[in-house]
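Structure, as structure tokens:
Protein chains in written order, with this note's numbering: chain A, 228 to 551; chain B, 228 to 551.
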């Protein structure tokens with residue numbers, strides 16, 4: 228089989244930088260220039276069904292605060308995603324609030340009273356946090372250039388606009404045969420949206436959601452359900468005043484800091500849902516983007532890092548052409 | 228020689244969890260419980276000479292905002308640290324402001340006009356961003372339990388209360404002899420404080436400082452000087468409104484968002500400098516703390532991560548006993 232180390236290093240061996248034709252040799256590419264040079268066919272529209280749009284009350288300067296979340300694609304976290312869809316459809320979050328902001332950890336929102344009844348059928352799923360994805364070592368499509376990344380937590384790769392980690396020890400059977408699937412799971416990078424829960428076996432319903440606002444919290448992977456990621460308006464969650472209560476919850480004295488949630492809607496329930504697209508993670512441009520992130524060679528940098536971890540490669544998202 | 232992989236995995240093989248005597252077997256340790264159980268001798272007082280204390284104007288609720296920075300120890304970044312000491316000694320930052328807040332990147336402060344004269348002798352050093360540290364593979368002190376961590380950026384370890392990365396390819400000479408020193412460098416973890424600069428060969432003077440407010444920015448390692456880390460009051464930098472100008476600078480229309488800096492002082496110049504101490508990174512408790520961070524087994528977690536990266540191990544800091 229393809230040795231794991233060589234597999235993990237695939238992206239570093241890509242001749243992507245040398246092939247960079249849209250810039251003169253004196254201006255090495257940056258992540259932004261690689262994204263800007265991506266072909267239109269390399270962008271994938273995000274279905275409006277996969278958008279969750281949260282409007283917070285305007286800030287003290289009267290500015291609107293909209294947070295757009297891309298929901299997790301199948302086969303991951305789907306029972307929780309279904310709950311989230313139900314809760315949005317019945318406008319369950321309207322009138323609830325942001326209740327917890329813990330520095331370098333999470334912003335969490337939902338019903339501060341923890342007493343608001345849930346819609347019928349919205350219960351904590353008994354479902355795994357991992358699922359099967361094609362084994363990157365078994366990919367046969369030469370057009371699929373999705374790079375694999377090795378970091379302190381194992382191996383990772385990208386699919387459907389999201390980063391996933393998987394167990395490198397489960398890529399082959401004991402006889403060395405490469406297995407068609409690996410067990411993979413969504414990761415808690417900056418911007419990941421997950422499901423708050425109590426102590427296991429509780430898994431949470433999805434009514435209490437959090438976003439990772441600081442450094443990645445990879446120890447939460449496989450322990451809590453990740454249902455999406457923030458793709459616009461992250462600053463409306465990350466720049467909120469931190470709560471002084473335990474775990475960053477706002478205390479009763481700080482009740483005025485709880486930002487009211489005006490509405491949370493699924494894309495199809497909006498008159499004008501945002502039109503967004505992400506850079507195909509199997510595209511040539513995405514592979515180059517990863518390579519450039521691992522080895523900055525533009526004028527500002529003098530020593531390339533020589534590597535990059537999974538969470539330091541945010542999948543590029545932009546407004547669709549018609550909306551730009 | 229000791230194989231590198233085994234070296235990197237040293238902390239995982241520690242019998243620390245099994246030796247955990249202060250908790251019953253039914254309550255596995257948490258990072259907090261390990262810190263709480265550390266012996267008094269395992270804490271090292273931070274010299275007041277190594278403290279830089281920045282008082283921002285009070286927030287809109289009238290609350291004081293103090294940011295405490297631990298300055299980088301020798302042999303790292305010392306010419307810039309010397310500049311920072313000079314600038315604080317002459318009260319250069321008093322009356323300047325926070326001018327840039329870029330989401331998931333940096334908060335930066337200094338003179339918004341970029342015209343304020345610098346004290347004599349404060350110039351951009353011609354100095355390397357790396358320095359020599361003892362090779363962890365050559366340590367002879369059995370009491371030194373500093374764990375080494377492998378991540379996407381190479382190997383890392385801890386010294387003097389700070390995380391450092393080093394090149395694993397430089398631990399031995401071509402004949403396999405373990406070298407006494409490695410070339411190491413400070414890393415841009417959440418909370419790291421660095422020196423803003425223009426395009427190289429400029430290295431910055433230290434008058435413009437930034438703090439990493441989101442995920443680690445390891446691609447900046449060895450490209451900018453790290454002069455310390457925020458050890459108290461991080462939320463006063465991370466929760467500020469993001470600037471809408473290029474790179475997150477506040478625009479002229481947003482001038483009111485520039486938080487005034489009331490004063491920046493070195494510890495010895497204060498009537499009552501904060502009394503702080505950090506957990507000795509060569510201590511048994513620190514090694515256990517790393518092991519627990521890599522493998523959470525308390526009730527909330529069901530699947531331990533099995534690893535942890537350098538920036539996900541913040542060195543514990545607390546108020547000294549007399550100050551608590």
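In this text, a Cβ means the ideal position worked out from N, Cα and C, and glycines have one as well.
Suppose the cutoff is 6 angstroms on Cβ atoms and the five residues either side in sequence are ignored; what does the same chain contact list for residue i look like?
i                      : result
residue 433 of chain B : 307, 310, 311, 422
residue 447 of chain B : 415
residue 268 of chain A : none
residue 371 of chain A : 509
residue 487 of chain A : 284, 324
What residue range is occupied by the uninterrupted beta strand (DSSP E) comprising residue i?
i                      : result
residue 422 of chain A : 419–422
residue 410 of chain A : 408–413
residue 486 of chain B : Per DSSP, residue 486 of chain B belongs to no beta strand (DSSP E) and is neither H nor E.
residue 314 of chain B : Note, residue 314 of chain B: premise wrong, no beta strand (DSSP E); alpha helix (DSSP H) at 305–316.
residue 266 of chain B : Where residue 266 of chain B is concerned, there is no enclosing beta strand (DSSP E), given that its DSSP letter is neither H nor E.
residue 376 of chain A : 376–378
Just to confirm my understanding: we take residue i, look at its own chain, exclude 5 residues before and 5 after, and list those with CB closer than 8 angstroms. What are they?
i                      : result
residue 390 of chain A : 383, 384, 413, 414, 416, 537, 538, 540, 542
residue 315 of chain A : 279, 491, 492, 493, 496
residue 331 of chain A : 440, 441, 442
So if DSSP puts residue i in a beta bridge, which residue, or which two residues, is it bridged to?
i                      : result
residue 271 of chain B : B/505
residue 390 of chain A : A/385
residue 261 of chain B : Residue 261 of chain B is not bridged to any residue.
residue 547 of chain B : According to DSSP, residue 547 of chain B bridges with nothing at all.
residue 563 of chain B : Since the first residue shown for chain B is 228 and the last is 551, residue 563 of chain B is missing from the structure and cannot be characterised.
residue 300 of chain A : Paired residues: none, contrary to the question.
residue 491 of chain A : A/281
residue 358 of chain B : B/411
Residue i to residue j, Cα distance in whole Å?
i                      : j                      : result
residue 485 of chain B : residue 295 of chain A : 27 angstroms
residue 270 of chain A : residue 386 of chain A : 13 angstroms
residue 474 of chain A : residue 327 of chain A : 8 angstroms
residue 323 of chain A : residue 338 of chain A : 5 angstroms
residue 481 of chain A : residue 325 of chain A : 12 angstroms
residue 266 of chain A : residue 514 of chain A : 13 angstroms
residue 395 of chain B : residue 534 of chain A : 13 angstroms
residue 281 of chain A : residue 438 of chain A : 13 angstroms
residue 449 of chain A : residue 430 of chain A : 11 angstroms
residue 377 of chain A : residue 405 of chain A : 19 angstroms
residue 504 of chain B : residue 461 of chain B : 17 angstroms
residue 441 of chain B : residue 420 of chain B : 13 angstroms
residue 248 of chain B : residue 260 of chain B : With a pLDDT of only 44 at residue 248 of chain B, under 50, the local geometry of the prediction cannot be trusted, and no value is derived from it.
residue 365 of chain B : residue 407 of chain B : 6 angstroms
residue 531 of chain A : residue 401 of chain B : 24 angstroms
residue 367 of chain A : residue 340 of chain A : 52 angstroms
residue 369 of chain B : residue 545 of chain A : 54 angstroms
residue 347 of chain B : residue 317 of chain B : 11 angstroms
residue 547 of chain A : residue 300 of chain A : 20 angstroms
residue 453 of chain A : residue 519 of chain B : 23 angstroms
residue 428 of chain B : residue 304 of chain B : 16 angstroms
residue 451 of chain A : residue 321 of chain A : 24 angstroms
residue 523 of chain B : residue 254 of chain B : 11 angstroms
residue 418 of chain A : residue 354 of chain A : 23 angstroms
residue 336 of chain A : residue 357 of chain A : 24 angstroms
residue 489 of chain B : residue 472 of chain B : 24 angstroms
residue 425 of chain B : residue 435 of chain B : 11 angstroms
Excluding five sequence neighbours on each side, which residues of the same chain lie with their C-beta closer than 7 angstroms to the C-beta of residue i?
i                      : result
residue 445 of chain A : 380, 414, 415
residue 275 of chain A : 494, 495, 500
residue 297 of chain B : 273, 277, 278, 388, 455, 456, 458
residue 286 of chain B : 292
residue 262 of chain A : 506, 516, 543
residue 508 of chain B : 373, 385, 386, 388, 542
residue 463 of chain B : 283, 292, 294
residue 468 of chain B : 328, 484
residue 350 of chain A : 432
Considering just the uninterrupted stretch of the alpha helix (DSSP H) at residue i, what are its terminal residues?
i                      : result
residue 511 of chain A : 511–521
Considering only heavy atoms of the ligand GTP, does any lie closer than 6 angstroms to the CB of residue i?
i                      : result
residue 515 of chain A : Absence of the ligand GTP is noted for the structure shown, with no ligands found whatsoever.
Item to check | Runs of beta strand (DSSP E) lying entirely within the segment 418–482 of chain A, each at least 3 residues, in chain order | outcome: Within the segment 418–482 of chain A, the complete beta strand (DSSP E) runs of at least 3 residues are 419–422, 436–439, 453–459.
Checklist entry - Quick one: complete beta strand (DSSP E) runs, 3+ long, within the segment 325–356 of chain B? => result Whole beta strand (DSSP E) segments, 3+ residues: 333–337.
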